Structure formats: structure tokens, C-alpha cells
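Visitor: First the structure, which I've put down as C-alpha cells, then a few questions once you've had a look.
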Amino acid sequence: MAQQILVTGGAGYIGSHVAVEVLNAGHDVVIVDNFVNSSHESIPAVEAATGKSVTFVEADVTDRAAMVSVLRDHNITAVIHMAALKAVGESVDQPLSYYANNIGGLVTLLDAMAEVGVYQFVFSSSATVYGDAKEVPIPESAPLSATNPYGQTKLMAEQILGDLAVSDDRWSILALRYFNPVGAHPSGTISEAPKGKPNNLMPSVMAAARGDLDQVMVFGDDYDTVDGTGVRDYIHVMDLASGHVAALESLSARAGFDAYNLGLGSGISVLELIAAASKASGIDIAYEIADRRPGDVAASVADPSRAKADLGWSAKLDIDRACQDTWRSQKR
Ligand code: NAD
Ligand code: WQD
């Protein structure tokens with residue numbers, strides 16, 4: 002049955018792709034964003050990719066009155082909450098903005114939902130909640146820890162959501178722990194456009210392919226991995242988006258709080274990703290080995306079996322496809 006879904010952070014990289022898949026699943030979408038890390042162009046891009054219209058409200062999720070109005074005015078039935086600040090290094094320098102935005106925004110939104118009587122919630126969590134995991138692939142039952150304020154906000158958010166679900170059994174809440182999101186909509190019209198210098202690997206590799214960066218700095222080649230470089234589980238953003246639809250559609254048949262990994266279940270190294278991007282772009286992407294980046298782990302790979310068993314979801318798209326789709330979006 003068609004629902005009215007609020008997607009916070011829906012102008013962002015993952016949120017715009019999630020909005021596309023929620024629309025494609027036949028639901029109506031209301032996007033709330035304050036553009037702190039995105040642009041107005043995302044909204045028509047989502048509409049062009051789907052041929053459907055979205056309702057857009059420019060607002061801050063820390064604004065309680067605005068959240069109550071959005072939920073009420075649009076008869077929202079469920080919320081996918083993706084609005085957050087996400088730069089790990091910045092969170093170390095500005096912890097208060099991260100706690101105010103990511104925790105303050107979450108609590109305000111949940112409080113507004115309770116006032117209006119909306120109890121279905123999907124939350125953008127992260128594999129960062131596993132800290133330096135001892136067991137790889139990582140199951141949801143692995144110990145949780147945070148190594149920086151950004152990670153701490155995701156960990157605290159999950160604890161808040163767990164406590165809330167215990168307090169009132171009308172809540173149905175799923176936290177989705179994303180591994181490393183990459184890729185873009187196959188149309189090439191929606192892409193990741195980080196403000197400032199890219200920190201993550203795929204944006205850096207694409208900047209080098211475009212010629213905006215001389216070379217990719219490879220952070221360490223002495224890890225205990227296939228070729229010494231860091232291994233990650235790179236999940237295509239369209240797979241991630243379909244995972245949100247699966248989570249959304251399971252909410253009404255369940256209750257309480259639960260968390261699911263969204264990943265492929267297999268990892269590749271930094272050098273393997275550079276090779277895949279070189280193949281997809283036809284450009285020999287230059288790189289140089291540099292020191293390890295503080296705080297990095299050797300390997301982070303999901304055990305995605307619970308999401309498959311409970312949500313009927315699994316990732317389908319590989320790294321070659323992710324590099325082709327990302328490159329197409331860059332060329333535009
Ligand atoms: P993004 O920065 O592209 O998107 C976040 C969006 O939220 C942006 O459009 C931003 O303008 C908006 N926003 C931030 N604070 C807001 C506020 N107070 N009110 C309204 N809008 C606000 O980031 P993304 O990569 O699309 O990430 C989406 C979510 O997924 C975030 O919660 C992030 O922490 C989480 N996540 C991202 C990754 C990743 O590697 N990209 C991995 C794991 C989890
Ligand atoms: C991937 C690999 C680097 C850049 C981060 C956050 C995490 C999550 C996703 C939100 C590592 C190597 C990177 C470069 C490199 N975000 N690398 N040269 O660190 O796995 O995860 O984004 O929740 O919380 O920490 O992703 O893309 O930065 O790095 O060699 O220029 O690429 O060392 O092995 P990471 P990443």
C-alpha cells in the first residue's frame with residue numbers, strides 16, 4: 002500500500018538515491034533538508050530519475066515546530082532519517098556541532114513524531130559502530146565501540162532508539178549499518194558531490210581520474226590484507242537504497258528496535274578499487290603509497306546474512322558496476 006514517507010537528508014548523496022527507490026516502490030516522498038552538505042539540484046534530479054514529483058521542505062531537523070508541521074501537514078506514515086553531519090575528521094575538531102546536529106536532530110525528530118503519532122522509523126547507522134572489529138565478516142552481534150565523535154553519535158543514536166522502543170511498544174525502529182557506500186544512479190544524473198576536498202576513497206579516485214587531483218594517496222600498504230592496503234565492503238548506493246525500501250516495508254509487521262548490516266559480504270583492497278576505476282574510466286589512475294591514516298582499520302566487511310533472512314534483501318551490484326556508474330555521473 003502506498004505510504005507517505007518523510008526522508009530527512011534526502012538532498013544528500015545517499016538520501017537522494019533512497020528517495021528514488023522509495024518513489025519507484027510506489028510511495029509518496031517528502032524530503033526535508035537544510036542543504037548544509039548538498040544542493041537544491043538534487044530535488045529535480047530525483048524527479049527526473051523517477052518521472053515522479055517529490056514534496057520538498059527546506060528545514061532543519063533540530064527545529065521541532067517545523068518537524069511537527071511536516072509530519073502533520075503531509076500525513077507522514079514512516080520516517081527515514083538520514084540527515085546528519087558525517088565527516089570523521091571534522092567531528093574531532095567540532096564535537097559539539099556533531100552532537101547538536103546528529104543527536105539533537107534525532108531526539109527532536111523522534112519527539113515530534115511521538116507528538117503527531119508516527120512510530121515507524123528507519124535510521125542511517127554505520128559500520129563505524131563496530132570500531133576495530135576482531136571478527137571479519139562482522140555480524141550485528143559484534144561488540145560496539147566508537148573511535149571518534151561522529152562514530153559516537155551513531156552509537157548513541159542506536160542506544161537512544163533502543164531505549165525508546167523499550168519505553169513504548171508502538172515504536173518500530175530499524176537501524177541500518179551501512180558499510181562503504183559508492184556508486185551512483187545508472188542515469189548519471191545524481192552523484193556524490195562532497196563540498197571541499199574529498200576524504201573518502203571513491204571521491205578521491207574519481208578526482209584523480211578527472212584530473213582534479215594529481216594522484217590518489219594510498220594510506221598504508223603494510224596491513225595484513227591481500228596486497229597490504231585496506232580492505233572495505235563497498236556497497237552500491239542503489240543496493241543500499243533498495244535495502245531501505247525492504248526495511249521500510251517490514252516496519253508495520255514488526256515492533257521494537259533492531260539493527261541490520263547493509264553490505265555485500267565481500268571486500269576489496271584500495272589497489273583493487275583503483276584498478277576497477279581505471280578499467281571503468283579507461284584512465285590509468287596514478288597513485289602513491291603514503292603512511293597509514295590514523296584511526297583506519299585493516300579490514301571492514303559485513304556479514305549481511307541477517308538482512309537477507311529477515312528483510313529478504315541482499316546486495317546485487319559489484320564494484321565494476323559501481324565504478325562505471327560513478328564515472329558516468331562524473332562525466333556529466
Ligand atoms: P550527505 O552529507 O550527502 O547527506 C546528508 C544530508 O543531510 C545532506 O543533504 C545535508 O544537507 C542534510 N543535513 C545535515 N544536517 C541536517 C539538519 N540538521 N537538518 C536538515 N538536513 C540536514 O551524506 P550521506 O553520505 O548521504 O549520508 C547520509 C546518512 O548516512 C548520514 O546519516 C550518514 O551519517 C550516514 N552514513 C553515511 C556513510 C557514507 O560513507 N556516506 C556511511 C555510513 C552512514
Ligand atoms: C576506505 C579505504 C583508507 C582515502 C569512512 C568513515 C566511516 C563511514 C564511511 C560514515 C581505507 C583508504 C582512503 C584516500 C586511501 N562513514 N583511503 N586514500 O575510512 O572505511 O570509512 O567512510 O559512516 O565512518 O570512517 O572509508 O573511503 O575514507 O577509506 O588509501 O585518499 O581507502 O585508508 O582503507 P572508511 P574511506
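Number 37 in this note's numbering belongs to position 36 of the sequence shown; there are no gaps in the numbering. Ideal Cβ placement from N, Cα and C applies to all residues, glycine included. Computed from a predicted structure; not experimentally measured.
Can Asp34 and Ala12 be called in contact, C-beta distance under 8 Å?
Guide: By one-based count along the sequence shown, residue 34 stands at place 33. By one-based count along the sequence shown, residue 12 stands at place 11. A contact, by the Cβ cut-off of 8 Å.
Visitor: When the Cα atoms are used, what is the spatial distance from Met2 to Ala278?
Guide: Against the sequence shown, residue 2 aligns to sequence position 1. Against the sequence shown, residue 278 aligns to sequence position 277. Between Met2 and Ala278, the C-alpha separation is close to 40 Å.
Visitor: Check this for me: beta carbons of Thr230 and Val271, under 8 Å apart or not?
Guide: One-based indexing of the sequence shown puts residue 230 at position 229. One-based indexing of the sequence shown puts residue 271 at position 270. In this structure, Val271 lies closer than 8 Å to Thr230 by Cβ.
Visitor: With 16 as the cutoff for other CB atoms within 10 Å, does Gln153 come out buried or exposed?
Guide: Taking the sequence shown and counting its residues from 1, one reaches residue 153 at position 152. By the neighbour-count rule (16 or more Cβ atoms within 10 Å), Gln153 is buried.
Visitor: How many whole angstroms separate the CB atoms of Ala49 and Arg178, which I take to be in contact at a CB cut-off of 8 Å?
Guide: Numbered from its first residue, the sequence shown carries residue 49 at position 48. Numbered from its first residue, the sequence shown carries residue 178 at position 177. At roughly 30 Å, the Cβ-Cβ gap does not stay under 8 Å, so Ala49 and Arg178 are not in contact.
Visitor: What does DSSP give as the partner residue(s) for His303 in the beta ladder?
Guide: Reading the sequence shown from its first residue, position 302 is the one you call residue 303. Residue identity check: residue 303 is Ala in the sequence provided, not His. Partner(s): Ile139.
Visitor: Between the segment 152-171 and the segment 201-212, do three or more beta carbon pairs fall short of 8 Å?
Guide: Judged by Cβ distances under 8 Å, the segment 152-171 makes no contact with the segment 201-212, as fewer than three pairs qualify.
Visitor: Buried or exposed: which applies to Ala248, given that a residue is buried once 16 or more other Cβ atoms fall within 10 Å of its Cβ?
Guide: Position 247 of the sequence shown, counting from 1, holds the residue named residue 248. It counts as buried.
Visitor: Ignore the nearest five residues each way along the sequence and tell me which others in Arg422's own chain have a CB closer than 6 Å to its CB.
Guide: There is simply no residue 422 to check, as the chain begins at 2 and stops at 333 in what is shown.
Visitor: Go through the residues and name those whose CB comes closer than 7 Å to any heavy atom of ligand 2, in chain order.
Guide: Matched residues: Lys87, Val89, Ser127, Ala128, Thr129, Tyr151, Gly152, Lys155, Tyr179, Asn181, Asn200, Asn201, Leu202, Met203, Ser205, Val217, Met218, Val219, Phe220, Gly221, Thr230, Gly231, Arg233, Val271, Arg294, Asp297 and Ser301.
Visitor: I want to know whether the segment 297-307 touches the segment 221-237 - three or more CB-CB distances under 8 Å.
Guide: The segment 297-307 is in contact with the segment 221-237.
Visitor: Would you mind sorting Pro204 into buried or exposed? The rule is 16 or more other CB atoms within 10 Å of its CB.
Guide: In the sequence shown, residue 204 corresponds to position 203, counting from 1. Buried.
Visitor: Can you have a look at Asp223 and say buried or exposed, based on whether 16 or more other CB atoms are within 10 angstroms of its CB?
Guide: For the purposes of this step, residue 223 is taken as the residue at position 222 of the sequence shown. Flag for Asp223 reads exposed.
Visitor: At a threshold of 7 Å, does Ala12 count as lining ligand 1 (C-beta to nearest heavy atom)?
Guide: Here residue 12 is taken as the residue at index 11 of the sequence shown, counted from 1. Checking every heavy atom of ligand 1 against the Cβ of Ala12, one is found closer than 7 Å.
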